[in-house]
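2 protein chains.
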Amino acid sequence: MKILLVYSHPNPGSFNHAIKETIVSELTACGHDVKVRDLYAIGFDPVLKSTDFLLAQQGKVADDVKLEQDFIVWSDMVVFVHPVWWFSLPAILKGYIDRVFNYGFAYTIDEKGVRGLLNGKKVLILSTTGGDEKTYTDTGMFKSLSQTIDGGIFTFCGFEVTEHKFFTSVPYVSGDERKKMLEQVTAIARALAVN
Amino acid sequence: MKILLVYSHPNPGSFNHAIKETIVSELTACGHDVKVRDLYAIGFDPVLKSTDFLLAQQGKVADDVKLEQDFIVWSDMVVFVHPVWWFSLPAILKGYIDRVFNYGFAYTIDEKGVRGLLNGKKVLILSTTGGDEKTYTDTGMFKSLSQTIDGGIFTFCGFEVTEHKFFTSVPYVSGDERKKMLEQVTAIARALAVN
Numbered sequence: 014m015k016i017l018l019v020y021s022h023p024n025p026g027s028f029n030h031a032i033k034e035t036i037v038s039e040l041t042a043c044g045h046d047v048k049v050r051d052l053y054a055i056g057f058d059p060v061l062k063s064t065d066f067l068l069a070q071q072g073k074v075a076d077d078v079k080l081e082q083d084f085i086v087w088s089d090m091v092v093f094v095h096p097v098w099w100f101s102l103p104a105i106l107k108g109y110i111d112r113v114f115n116y117g118f119a120y121t122i123d124e125k126g127v128r129g130l131l132n133g134k135k136v137l138i139l140s141t142t143g144g145d146e147k148t149y150t151d152t153g154m155f156k157s158l159s160q161t162i163d164g165g166i167f168t169f170c171g172f173e174v175t176e177h178k179f180f181t182s183v184p185y186v187s188g189d190e191r192k193k194m195l196e197q198v199t200a201i202a203r204a205l206a207v208n
Numbered sequence: 014m015k016i017l018l019v020y021s022h023p024n025p026g027s028f029n030h031a032i033k034e035t036i037v038s039e040l041t042a043c044g045h046d047v048k049v050r051d052l053y054a055i056g057f058d059p060v061l062k063s064t065d066f067l068l069a070q071q072g073k074v075a076d077d078v079k080l081e082q083d084f085i086v087w088s089d090m091v092v093f094v095h096p097v098w099w100f101s102l103p104a105i106l107k108g109y110i111d112r113v114f115n116y117g118f119a120y121t122i123d124e125k126g127v128r129g130l131l132n133g134k135k136v137l138i139l140s141t142t143g144g145d146e147k148t149y150t151d152t153g154m155f156k157s158l159s160q161t162i163d164g165g166i167f168t169f170c171g172f173e174v175t176e177h178k179f180f181t182s183v184p185y186v187s188g189d190e191r192k193k194m195l196e197q198v199t200a201i202a203r204a205l206a207v208n
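Residue numbers (my numbering), protein chains in the order written: chain V, 14 to 208; chain S, 14 to 208.
Below you can see the structure in the form of structure tokens.
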């Protein structure tokens, strides 16, 4: 598969970075063609501006948006690796969605209503949280995140959501537990190769 | 009351702009002391960076973050006016939360667990959506937004959430309906004066 990895964490010492390195390495070893967009490294501008709206009215997009859209067009699957900050995406990734997943590219509105345009593509989301799994489960937060992110963004645009995997309590777990989490990342990557 | 208004829309011709103008005018007429932070106008940088983490380790924050924190400290109530983009906040506002509501200012973690530090302050959120009210209600999306935004951000930090009012189907309603929505904004502002 042609796999686009969109990565959003500022710290090369972070567990998110380890997840990214692990999945890229494993997917490549499995023979997939992997391209990485590291939003911090490329300095992606996440602020949707009036100029974006003006371009949209002319059926155009900004050059930096077009570049990212071309990567999505190229891909069979998009993998997002990011921390959950405030029960949502980091701003740089939220703005990637705001700007790149625009009307006419990711979805359209016609006589039948809103319709996703990215059908046939898959998405895999690997997220880390500071909060613990029990709290997220008991409060229904996993369900709310699934509705707002998986459903509200990806299914909305026509993607098939392969999995949204959460690695919880990341700042508080032991080195051994983190190692087990990275083994889970490897297993997820290998399962993709089989499907 | 001392009221801080945090406004996040790029277009001065938007309905969000009309909401902002209406509430500022009414709150001022009611005798409140109102300060406005227009995140687009001030060019707020929403990207939480490695430098922010490094400063945090020294118990410091960036100058632009400190400026916004001082406005919050000054206020009795914060009013947010913003569109819902992708069932979340626009990136510029998401990044305001990521950077300004940081550990040690908005919340802390001690032996009792996570604890908000902005107790005694109120928050009012005025949001616009493209989607219609029935869909948001029937799908449980209002509930998910309440959990991720009202609970996950504001209650988490100790704010009392006065109201999260959604103005729905904004791009599709008539001028008369928009006028009625602005009358609701006025009524909300007047009710604050009485409380």
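Don't be surprised by glycine CBs; every beta carbon is placed ideally from N, CA and C.
- The Cβ atoms of A104 of chain V and A104 of chain S sit closer than 8 angstroms to each other.
- Cβ atoms of T181 of chain S and T121 of chain S stay farther apart than 8 angstroms, at about 36 angstroms.
- Per DSSP, the unbroken alpha helix (DSSP H) holding G108 of chain V starts and ends at 104 to 113.
- If you look at H30 of chain V, you'll find it in the alpha helix (DSSP H) that goes 28 to 42.
- With contacts defined as CB atoms closer than 8 angstroms, L131 of chain S and F172 of chain S qualify as a contacting pair.
- With a cutoff of 8 angstroms on beta-carbon distance, K125 of chain S and V91 of chain S are scored as not near each other.
- Under the Cβ criterion of 8 angstroms, G165 of chain V is counted among the residues facing chain S.
- Taking a beta-carbon distance threshold of 8 angstroms, M194 of chain V does not count as an interface residue toward chain S.
- Look at the beta carbons and you see the segment 152 to 169 of chain V touching the segment 147 to 161 of chain S: at least three pairs across the two are nearer than 8 angstroms.
- At a cut-off of 8 angstroms between C-beta atoms, K73 of chain V does not count as an interface residue with respect to chain S.
- In this structure, the beta-carbon distance from V94 of chain V to I16 of chain V does not fall below 8 angstroms.
- The alpha helix (DSSP H) runs of length 4 or more contained entirely in the segment 128 to 177 of chain S are, from start to end of the chain, 146 to 151, 154 to 158.
- Look at K62 of chain S here: in three-state DSSP terms it is coil, with no helix or strand label.
- In this structure, DSSP gives K48 of chain V an extended state, which the three-state scheme calls strand.
- By the Cβ rule, the segment 111 to 121 of chain V counts as touching the segment 72 to 86 of chain V, because three or more pairs are nearer than 8 angstroms.
- I122 of chain V: member of the beta strand (DSSP E) spanning 120 to 123, first to last residue.
- Within the segment 109 to 141 of chain V, those residues whose Cβ lies closer than 7 angstroms to any Cβ of chain S are, in chain order, I110, D111.
- At a cut-off of 8 angstroms between beta carbons, M154 of chain S contacts chain V.
- Looking at S:C170, S:L139, S:I201, the one whose alpha-carbon comes closest to that of K178 of chain S is S:L139.
- In the three-state reduction of the DSSP assignment, F179 of chain V falls in the strand class, which pools E and B.
- For the options V:P184, V:L18, V:V186, the alpha carbon positioned closest to that of K33 of chain V is the one of V:L18.
- Per DSSP, the unbroken alpha helix (DSSP H) holding V78 of chain S starts and ends at 76 to 87.
- At a cut-off of 8 angstroms between C-beta atoms, F100 of chain V counts as an interface residue with respect to chain S.
- By the CB criterion at 8 angstroms, G108 of chain V and L61 of chain V fall inside the cutoff.
- Interface criterion not met: the Cβ of K147 of chain S is under 8 angstroms from no Cβ in chain V.
- P96 of chain V: member of the beta strand (DSSP E) spanning 90 to 96, first to last residue.
- Counting only residues of its own chain and dropping the five nearest sequence neighbours on each side, P184 of chain V has a CB closer than 7 angstroms to the CB of G143.
- The alpha-carbon of R128 of chain S is positioned some 44 angstroms away from that of L67 of chain V.
- Taking a C-beta distance under 8 angstroms as the contact criterion, E81 of chain S and T199 of chain S do not qualify as a contact pair.
- Residues of chain V whose Cβ lies closer than 9 angstroms to the Cβ of N29 of chain S do not exist, since the nearest Cβ in that chain is about 13 angstroms away.
- In the three-state reduction of the DSSP assignment, V19 of chain S falls in the strand class.
- The C-beta of Y149 of chain S has 16 or more other C-beta atoms within 10 Å across all chains shown, which makes the residue buried.
- When CB distances to chain S are screened at a threshold of 7 angstroms, the residues of the segment 52 to 80 of chain V falling below it are P59, V60, L61, K62, S63, F66, in chain order.
- The Cβ of Q82 of chain S sits no closer than 8 angstroms to any Cβ of chain V.
- Here I55 of chain S is exposed: its Cβ has fewer than 16 other Cβ atoms, across all protein chains shown, within 10 Å.
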